[in-house]
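Residue numbers are given in the UniProt record's numbering: position 61 of the sequence shown equals residue 61, and the series is strictly consecutive.
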Amino acid sequence: MSISANRERCVRNPVLIKEILKDPITTDWEETVHTPFVLKEVSQSSAEYGRVNTTFERTSRGMSIKKLERVENPYLLGHYLMKKEKMRSECSVVREISLFHGTQRSYVNNICKYNFDWRKRGSSRGHKFGQGVSFAPEVSYARHYTMDNVMILAKVLVSRASIGNQFTVVPPTSCDTTANSKCSVIVK
């Protein structure tokens, strides 16, 4: 992609996008044109809503979902799938974990379009367990990172984690992730 001062130019590869859209993750996707992403409201009566709601309620401590939207971005999905394959070729074990990320409403479009930005590390609450993007398996913990109660449920790839602290800029060479001692915070 090349970026000019006022415009963005996305190079589209319909063959590659068609291949990416065959992945099971896209089963519920509705759009065929993605410029560059689409947010689709998920119906409360759908199986997808039920899966997410079950995951949410398990750790939300009384909170409930007001609106659920699915991000459809084949470009980020393609990047994710390539990263997963690369990690699998280099590591014996790669776990794909669904984790929550609390964020500000004003960041949602950029996250959906460009992915999580590690450069914003600690911009809302600091970086106690490593300098990067923080995720949590529990909604009740992730909500401390947002004043707007906006949650993103993301699939996160973890091979090997080390205990991080506020001075950890990148994980040790043999690791791809930092975390706290209980793994209730995962930092990428």
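Don't be surprised by glycine CBs; every beta carbon is placed ideally from N, CA and C.
This structure is a prediction, so every number in the text was calculated from the model and none was measured.
| Query | Result |
| --- | --- |
| Among Cys183, Thr59, Ile97 and Leu77, which residue has its Cα nearest to the Cα of leucine 16? | Leu77 |
| Enumerate, from N- to C-terminal direction, the unbroken beta strand (DSSP E) stretches of 3 or more residues contained entirely within the stretch 58-94. | 69-72 |
| Could you pull the DSSP bridge partners for methionine 151 from this structure? | Gly102 |
| Do asparagine 73 and proline 36 have their C-beta atoms within less than 8 Å of each other? | yes |
| Helix, strand or coil for glutamate 41? Go by DSSP, reduced to three states. | strand |
| Please report how far the alpha carbon of proline 171 lies from the alpha carbon of threonine 177, in whole angstroms. | 6 Å |
| Give me the residue from Ala154, Val187 and Ser174 with the minimum Cα distance to lysine 128. | Val187 |
| How big is the Cα-Cα spacing for tyrosine 49 and valine 42? | 6 Å |
| When DSSP labels each residue in this structure, what does valine 185 get in the three-state scheme? | coil |
| Express the C-alpha separation of threonine 173 and serine 60 in angstroms, rounding to a whole number. | 34 Å |
| Ordered along the chain, which non-local residues of its own chain (more than five positions away) have a Cβ less than 7 Å from that of glutamate 30? | Lys40 |
| Whose C-beta lies closer than 6 Å to the C-beta of threonine 168 among residues of the same chain, with five residues either side of it excluded? | Gly130 and Thr178 |
| Determine whether the beta carbon atoms of valine 94 and alanine 136 lie at a separation below 8 Å. | no |
| Ordered along the chain, which non-local residues of its own chain (more than five positions away) have a Cβ less than 7 Å from that of tyrosine 75? | Pro36 |
| Given this structure, state the Cα-to-Cα distance separating serine 162 from glutamine 44, to the nearest angstrom. | 38 Å |
| Comparing C-alpha positions only, which one of Gly62, Val38 and Arg70 sits nearest to arginine 51? | Arg70 |
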